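*Asks:* If you read the sequence shown in the UniProt record's numbering, its first letter stands for residue 1, the second for the next number, and so on. Just so it is clear, CB atoms sit at the ideal spot from N, CA and C, and this is done for glycine as well. Computed from a prediction, not measured in an experiment: that's the story for all the values here. First, the structure itself, so that you have it in front of you.
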Amino acid sequence: MSESNKRRTKNEKSKKETTKKRSKFKIFLLVLLIAVVVSIGAVTGIVIAIAKDAPDIEPSNIEALLNQTSFILDENGKVIEKIQTEEYRTIVDLEKIPKHLQDAFVSIEDERFEKHMGVDPKGIMSAVVDNIRAKSTVRGASTITQQLARNLYLTNEKKLDRKIKEAYIALQLEKALTKDQILEAYLNRIYLGQGAYGVQEASQTYFSKDVEDLTVAESALLAGIVKSPSKYPPYKTVKPENFDSNSNIEVGQIDILGEKYIAVYNEEAVKRQKVVLMKMKELGYISNEEYNQALNEDVKKDLKPGEKKIKGISSYFNDFVKSQAIDALVEKLGYTKEEAEKELYTGGLKIYSTMDIEMQHKIEEVYRNFTEILFGNPGGSGKPVLISWSLDGNRNIRDDRNNIIYYNQENLFDENFNLKIEKGTFQLENDNLIINNKKFNPYTKSIDIADYYTINDKRNLVTHTVGSLAISEDAYSIGENKEIIISKNFLAENKDFYSIDGNGNLIIANNYFFRSNEGVVQPQSATVIMDHHNGQIKALVGGRDIQGNKLLNRATSSPRQPGSSIKPIAVYLPALDNGFTAATAIDDAPHYDGAGRLWPTNWYKGYWGPTPVRKSVEQSINVNSVKALESIGIDTSIEYLSRMGIVNKDKPEDDNFVSRSENKNSNDENLAALGLGGMTKGLTPLEMTAAYGSIANNGTYIEPIAFTKILDRNGNILIDNQPKKNKVVSPQVAYIMTDILRTTVSNGTAKRAAIPNMTTAGKTGTTQENADAWFVGYTPYYVSAVWIGNDSPAIRLNQGSSMASSLWRNTMTKAHEGLQNKSFDRPEGIVSAQICTQSGKLPGPSCSGTTITEIFVQGTVPGEICSAHIGIPEEEPEDEEDEELEEEPEDNEEEDKDKDKDKDEDEKNEDKKDDNVTTPPEKPEEPEDPNEKPSDPGKGDRKPGENDKPESGDNEN
Numbered sequence: 001m002s003e004s005n006k007r008r009t010k011n012e013k014s015k016k017e018t019t020k021k022r023s024k025f026k027i028f029l030l031v032l033l034i035a036v037v038v039s040i041g042a043v044t045g046i047v048i049a050i051a052k053d054a055p056d057i058e059p060s061n062i063e064a065l066l067n068q069t070s071f072i073l074d075e076n077g078k079v080i081e082k083i084q085t086e087e088y089r090t091i092v093d094l095e096k097i098p099k100h101l102q103d104a105f106v107s108i109e110d111e112r113f114e115k116h117m118g119v120d121p122k123g124i125m126s127a128v129v130d131n132i133r134a135k136s137t138v139r140g141a142s143t144i145t146q147q148l149a150r151n152l153y154l155t156n157e158k159k160l161d162r163k164i165k166e167a168y169i170a171l172q173l174e175k176a177l178t179k180d181q182i183l184e185a186y187l188n189r190i191y192l193g194q195g196a197y198g199v200q201e202a203s204q205t206y207f208s209k210d211v212e213d214l215t216v217a218e219s220a221l222l223a224g225i226v227k228s229p230s231k232y233p234p235y236k237t238v239k240p241e242n243f244d245s246n247s248n249i250e251v252g253q254i255d256i257l258g259e260k261y262i263a264v265y266n267e268e269a270v271k272r273q274k275v276v277l278m279k280m281k282e283l284g285y286i287s288n289e290e291y292n293q294a295l296n297e298d299v300k301k302d303l304k305p306g307e308k309k310i311k312g313i314s315s316y317f318n319d320f321v322k323s324q325a326i327d328a329l330v331e332k333l334g335y336t337k338e339e340a341e342k343e344l345y346t347g348g349l350k351i352y353s354t355m356d357i358e359m360q361h362k363i364e365e366v367y368r369n370f371t372e373i374l375f376g377n378p379g380g381s382g383k384p385v386l387i388s389w390s391l392d393g394n395r396n397i398r399d400d401r402n403n404i405i406y407y408n409q410e411n412l413f414d415e416n417f418n419l420k421i422e423k424g425t426f427q428l429e430n431d432n433l434i435i436n437n438k439k440f441n442p443y444t445k446s447i448d449i450a451d452y453y454t455i456n457d458k459r460n461l462v463t464h465t466v467g468s469l470a471i472s473e474d475a476y477s478i479g480e481n482k483e484i485i486i487s488k489n490f491l492a493e494n495k496d497f498y499s500i501d502g503n504g505n506l507i508i509a510n511n512y513f514f515r516s517n518e519g520v521v522q523p524q525s526a527t528v529i530m531d532h533h534n535g536q537i538k539a540l541v542g543g544r545d546i547q548g549n550k551l552l553n554r555a556t557s558s559p560r561q562p563g564s565s566i567k568p569i570a571v572y573l574p575a576l577d578n579g580f581t582a583a584t585a586i587d588d589a590p591h592y593d594g595a596g597r598l599w600p601t602n603w604y605k606g607y608w609g610p611t612p613v614r615k616s617v618e619q620s621i622n623v624n625s626v627k628a629l630e631s632i633g634i635d636t637s638i639e640y641l642s643r644m645g646i647v648n649k650d651k652p653e654d655d656n657f658v659s660r661s662e663n664k665n666s667n668d669e670n671l672a673a674l675g676l677g678g679m680t681k682g683l684t685p686l687e688m689t690a691a692y693g694s695i696a697n698n699g700t701y702i703e704p705i706a707f708t709k710i711l712d713r714n715g716n717i718l719i720d721n722q723p724k725k726n727k728v729v730s731p732q733v734a735y736i737m738t739d740i741l742r743t744t745v746s747n748g749t750a751k752r753a754a755i756p757n758m759t760t761a762g763k764t765g766t767t768q769e770n771a772d773a774w775f776v777g778y779t780p781y782y783v784s785a786v787w788i789g790n791d792s793p794a795i796r797l798n799q800g801s802s803m804a805s806s807l808w809r810n811t812m813t814k815a816h817e818g819l820q821n822k823s824f825d826r827p828e829g830i831v832s833a834q835i836c837t838q839s840g841k842l843p844g845p846s847c848s849g850t851t852i853t854e855i856f857v858q859g860t861v862p863g864e865i866c867s868a869h870i871g872i873p874e875e876e877p878e879d880e881e882d883e884e885l886e887e888e889p890e891d892n893e894e895e896d897k898d899k900d901k902d903k904d905e906d907e908k909n910e911d912k913k914d915d916n917v918t919t920p921p922e923k924p925e926e927p928e929d930p931n932e933k934p935s936d937p938g939k940g941d942r943k944p945g946e947n948d949k950p951e952s953g954d955n956e957n
């Protein structure tokens, strides 16, 4: 073959091979194109499917999606608490946010914010480059719009479908909103550490100023937080015990849920701030001069941690405000309780409380010095002050039935607070642990552990709660003799549960139960002060020396037996409105109950014979209270108590009064409960305050309120809280009762309560064995109730009502600082007349020495003239009343009567009274010196005035 043919053949082969290659390449391209199209289609389909699954949005309603912090304000509009929630937020308009703060966030989070359409591919690439150059993540790839979409509608989970939904929602937001609207929503939503959401809240949290007042340096500091709110907050918080002054710089102190924390300067925040400032300069938002000025600003000095709650006051008042607000939203606006709670914590409400913040501070200060005020300097060691207790040989506290109610700490725990079970009260049997020890109270679902006590440095008794044993109900059983049988399976799985010490005692590890380390100081106390003209609570303390939120509020939620303090409202006020006068003589003579037993007794020996109502109240005569109650009837007493908010006839389950229909065997429809205060549950200081307030307020009861109005997040009034009012008695009858209570303070058993240079009216109350001590009273300005007692009534006070009277005088003296003294308003229709004290009638010729001037409601002055110096005949109880008493079981009657006789013995000296006294002395023996403090149980009797702080201006008149 010729050379040319060979070349031709070779070329033809080459062409064929080229053609084949081209054909294969075309096929490859075609396949690739098809694959790309299919992939794009698949991806598009997936994206569309994910986008369709994105939540529906309503861009015009973004503000409604932002939880806002609610505020409690005092009566003058000053913020006293930002209500604790997961998010603290206060929304502000964009025009109130400085331009340099807006620029700071845009610079570091989304520099092309004004140019993109919600998603920014170029910005993503730019962020990648910046991060590579910096060798760290200096900026994120999500736009501000994407961040807003995520924060409003999505979670923070790092998944592809979330990013797709985020981009889709961002595009939707950009279509519906302007850039300013997006930026405003973003700056109000973003989380900036320490519980602060949004720039306004962050400004208050870190600098205690409004956002509009922030400097460039401060703005850059806030913008730097977004990247990591846990790493870059300007300060971090540590507990005081963990604070190291050598390595930490304190910038302030804050309160979190009632606990104190120290705010520590965070240098990492300033490092991040410098990155933000550099970016702002690069983008032309600030000049070189502004940049240097911001760098040189000492933001460490600018830091001033904001208060979520005003300092110096406990949580009791505000907790009650929240409770009342929730109830009002339910009752007046038809919310469910769940909806009302959500609105309270996230709705941006402004709740205007009735608190007088200055008065509240003063009352809290009195309670901080509770021991010193009632006892004096408790320095040194010894028995606890202010209480009376019964100890066994091991120094455990026992009740009247000899049951241990609190163990001595050393008897319950070892030195590491592991539970100590004595040798001989446990055994191992078939690898099961069997315990039979009184330190446990076993139930089918839990095993409760006994509580214990300590004595603090002020010599106060402190009671500590111990929780249940941390063991599931299927890991133990209860034997016939209440022994606890802990299964071998549990013990095998929890080898650290117990050990045996060198003395053969069983030691249960302390990680298997809760123990209250701080405990609760005893005795406890509560105070309410209310303006009786409008029902507004001005100050409230629900306990002493207790920190935290949502505590047991003894002022509003812990009823205790009121003792003789119930007499004015349950007996004498109704009696004055039903035929009795201040001069009506009641025969203080032996009285017998329905079972024929001599009952009740008085605080003094013997009987005084015919005694006017005024003197019966002044001297807290138990017999006369019971006789007056018998005269008007139980039903009449209950009717008046219902007018004063004590009895709720429509919803008996909502009050503390126990009616016969609620409990046939143990109820308050009896002479002991209504005549002497021996109630089944008792009453709260708030209830007593409001009831006495109806006397002080000219006979009109006003429901106590803790807030006056609630505004929504837009400033509209949601609730205008006008208290309920109802007439109890006429102003004239109320004035007579007030005047009797006034002389009870000036001449009777309540001299200790007299406020210096202020007209004072009120009544003491003490229950059996000094379990509870009360004083309830009022002035022309305020009404107040004070209760003192131990959380366990088995532990007694070492005094009775004199202790409560002294505390009441101290709190009310503080409350009245700066107020002028004045008399109670005397209504028209009050007249004066002379009467004989023995008969309550107009004096006759033989009434020399027993005549006094008394006041009356016009038309009620006695018309008869005394002829024989005798009191009104002692009336036999009506038949139906006798039947009512006889229906009660005998043992219940005994219990009702014995448990609550009011003694007030600490105000009197029984031994100086003669058993045969038939008339009261012209001037009954005065109570003990109002300035005298109780004796020290650890040091023997103290001399009068020893260790006492002098109190100036004390006035018994």
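Between Leu718, Thr700, Tyr701, which lies nearest to residue 958 when the distance is taken from Cα to Cα?
*Replies:* The first residue shown for the chain is 1 and the last is 957, placing residue 958 beyond what the model contains.
*Asks:* Whole angstroms are fine: how far does the CA of Gly306 sit from the CA of Gln253?
*Replies:* 9 angstroms
*Asks:* Can you name the residues that DSSP bridges to Phe71?
*Replies:* According to DSSP, which records beta bridges pairwise, Phe71 is partnered with Lys82, Lys350.
*Asks:* In this structure, how does DSSP classify Asp739 when only helix, strand and coil are distinguished?
*Replies:* helix
*Asks:* How far does the alpha helix (DSSP H) with Phe775 in it extend, from its first residue to its last?
*Replies:* No alpha helix (DSSP H) contains Phe775, which is instead part of the beta strand (DSSP E) from 772-778.
*Asks:* Within 10 Å of its beta-carbon, does Gln834 have 16 or more other beta-carbons around it, so buried, or fewer, so exposed?
*Replies:* exposed
*Asks:* When burial is assigned at 16 or more other CB atoms within 10 Å of the CB, is residue 961 buried or exposed?
*Replies:* The shown model of the chain, from 1 to 957, leaves out residue 961, and the question about it has no answer.
*Asks:* Could you tell me the distance, in whole angstroms, from the CA atom of Ile486 to the CA atom of Tyr476?
*Replies:* Looking at the two C-alpha atoms, the distance is approximately 4 angstroms.
*Asks:* Take Asp911 and list the residues in its own chain whose beta-carbon comes closer than 8 angstroms to its own, dropping the five residues that flank it on each side.
*Replies:* For Asp911, the pLDDT reaches just 30, beneath the cut-off of 50, and the residue's location in the model is therefore unreliable, although a value from the coordinates is still provided. So the list is empty, once near-sequence residues are dropped.
*Asks:* Could you please give the first and the last residue of the uninterrupted alpha helix (DSSP H) stretch that includes Phe490?
*Replies:* 488-493
*Asks:* Below 8 angstroms between beta carbons: does that hold for Ile363 and Lys814?
*Replies:* yes
*Asks:* Are the Cβ atoms of Tyr778 and Ala696 separated by less than 8 angstroms?
*Replies:* Going by C-beta atoms, Tyr778 is nearer than 8 angstroms to Ala696.
*Asks:* In chain order, what residues of the same chain have a beta carbon less than 8 angstroms from the beta carbon of Thr759, not counting five sequence neighbours either side?
*Replies:* Arg742, Thr779, Pro780, Asn821, Lys822, Ser823, Phe824
*Asks:* Output needed for Ala325: all residues of its chain with C-beta closer than 7 angstroms, excluding positions within five of it in sequence on either side, in chain order.
*Replies:* So the qualifying residues of the chain are Leu344, Ile351, Phe707, Ile710.
*Asks:* Who are the near neighbours of Pro233 in its chain, counting only those whose CB is closer than 8 angstroms to its CB and skipping five residues on each side?
*Replies:* If you ignore the 5 residues before and after Pro233, its C-beta comes within less than 8 angstroms of the C-beta of Leu192, Gly193, Gln194, Tyr206, Ile225, Asn266, Ala269, all in its own chain and listed in chain order.
*Asks:* Report the CB separation of Gln524 from Arg554 in whole angstroms; it is logged as a contact under 8 angstroms.
*Replies:* 6 angstroms
*Asks:* In three-state terms, what does DSSP make of His100?
*Replies:* helix
*Asks:* Taking all protein chains shown into account, decide if Ile262 is buried (16 or more other Cβ within 10 angstroms of its Cβ) or exposed.
*Replies:* buried
*Asks:* Compute the beta-carbon to beta-carbon distance between Tyr701 and Val728, rounded to the nearest angstrom, for a pair I have assumed lies under 8 angstroms.
*Replies:* 5 angstroms
*Asks:* If we require 3 or more residues per run, which beta strand (DSSP E) segments fall completely within the region 183-262?
*Replies:* Contiguous beta strand (DSSP E) elements confined to the region 183-262 occur at 235-238, 250-256, taking only those with 3 or more residues.
*Asks:* I need the straight-line Cα distance from Gly424 to Asp501, nearest angstrom please.
*Replies:* 13 angstroms
*Asks:* Should Asn460 go down as buried or exposed, given a rule of 16 or more other Cβ atoms within 10 Å for buried?
*Replies:* buried
*Asks:* State yes or no: is the beta carbon of Lys362 nearer than 8 angstroms to at least one beta carbon in chain B?
*Replies:* The question asks about chain B, but that chain is absent: this structure has only one protein chain.
*Asks:* Excluding five sequence neighbours on each side, which residues of the same chain lie with their C-beta closer than 6 angstroms to the C-beta of Phe105?
*Replies:* Taken in chain order, the residues that qualify are Ala223.
*Asks:* Can you tell me whether DSSP reads Ser839 as helix, strand or coil?
*Replies:* coil
*Asks:* Could you tell me which residues DSSP puts in a beta bridge with Trp787?
*Replies:* Ala526, Trp774
*Asks:* Out of Thr215, Glu95, Asn318, point me to the one whose CA is closest to Lys82's CA.
*Replies:* Asn318
*Asks:* Using the Cα positions of Tyr235 and Val264, report the straight-line distance between them to the nearest angstrom.
*Replies:* 5 angstroms
*Asks:* Among the residues of its own chain, which have a CB less than 6 angstroms from the CB of Asn510, if the five just before and after it don't count?
*Replies:* Phe417, Asn418
*Asks:* Residues in the same chain with beta-carbon distance under 8 angstroms from Glu886, minus the five sequence neighbours each way, listed in chain order, please.
*Replies:* Residue placement at Glu886 cannot be trusted, given a pLDDT of 26 that sits under 50; the coordinates are not used to answer.
*Asks:* Sort Glu75, Asp399, Trp808, Tyr592 by Cα distance to Asn622 and report the nearest one.
*Replies:* Tyr592
*Asks:* Enumerate, from N- to C-terminal direction, the unbroken beta strand (DSSP E) stretches of 3 or more residues contained entirely within the region 568-655.
*Replies:* 585-588, 609-612
*Asks:* Would DSSP call Glu429 helix, strand or coil?
*Replies:* strand
*Asks:* Over what stretch of residues does the beta strand (DSSP E) that includes Pro442 continue unbroken?
*Replies:* 440-442
*Asks:* Distance, Cα to Cα, Thr346 vs Ile72?
*Replies:* Those two C-alpha atoms are separated by around 13 angstroms.
*Asks:* Closest by CA to Asn578, which one among Thr860, Leu598, Lys175?
*Replies:* Selection Thr860, Leu598, Lys175 evaluated against Asn578 yields Thr860 as nearest (Cα-Cα).
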